[in-house]
Each structure stands twice: as C-alpha cells, then as structure tokens.
Amino acid sequence: TTPGHTPGGICYKVQSQDQALCFVGDTLFAGSVGGSNPLSLYAEHLASVRRRVLQLEPDTVLLPGHGPPTTVNEERVMNPFG
13 TTPGHTPGGI CYKVQSQDQA LCFVGDTLFA GSVGGSNPLS LYAEHLASVR RRVLQLEPDT
73 VLLPGHGPPT TVNEERVMNP FG
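Under the working numbering, the residues of the sequence shown are numbered 13 to 94, in order.
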C-alpha cells in the first residue's frame, strides 16, 4: 500500500521479462507528489513514496494518474519529495 493521497492508496507493479511498470496513480507525479487527503497523512505519504516506490529498480517506468510517465531513477534525481 502507498497511503497518502488517499488512506487506502495502492500502486500496481507489472513485470515482464525485460520491462517493469508501476501504476502509481496520484501517489506520485513526475517531479512531484499528489496531495495528501486528509492532510494529516502527508508525512506517511512521503514516507510511503520513499519506502515503496523509490526503492523499485531504477529503470522501472512509473505511470502517474496525471502527466507524463517517468522512471524511478528520474524521480530519485529530480523529485524534491524523494
């Protein structure tokens, strides 16, 4: 689970032989994170992004609910919340 944007938020990782994709919804956007609802989940939201999403393999493609796709490596380098 990746709580934060919503209390029961989840991400789905799909793995083929040569490619990993993770549908992150509103948990993370390219260069940002989604809003926390309720706001009291903000710290848990950031922790779940760091602990669960940004620990995936660097070349994993992240598919946010809004905006362009990104990768774990791009977010480790460019996302100020990572």
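Cβ coordinates follow ideal geometry from the N, Cα and C atoms, glycine included.
These numbers come from a predicted model, not from an experiment.
- Query: Per DSSP, Tyr24 forms a beta bridge with which residues?
  - Reply: Answer by DSSP bridge pairing, in chain order: Phe35.
- Query: How big is the Cα-Cα spacing for Pro15 and Gln27?
  - Reply: Distance between the alpha carbons of Pro15 and Gln27: 22 angstroms.
- Task: Can you have a look at His17 and say buried or exposed, based on whether 16 or more other CB atoms are within 10 angstroms of its CB?
- Result: Buried is the call here.
- Item | Delimiting residues of the beta strand (DSSP E) encompassing Leu74 | Note, Leu74: beta strand (DSSP E), 73-76.
- Message: Considering just the uninterrupted stretch of the alpha helix (DSSP H) at Val89, what are its terminal residues?
- Response: DSSP places Val89 in the uninterrupted alpha helix (DSSP H) bounded by 84-90.
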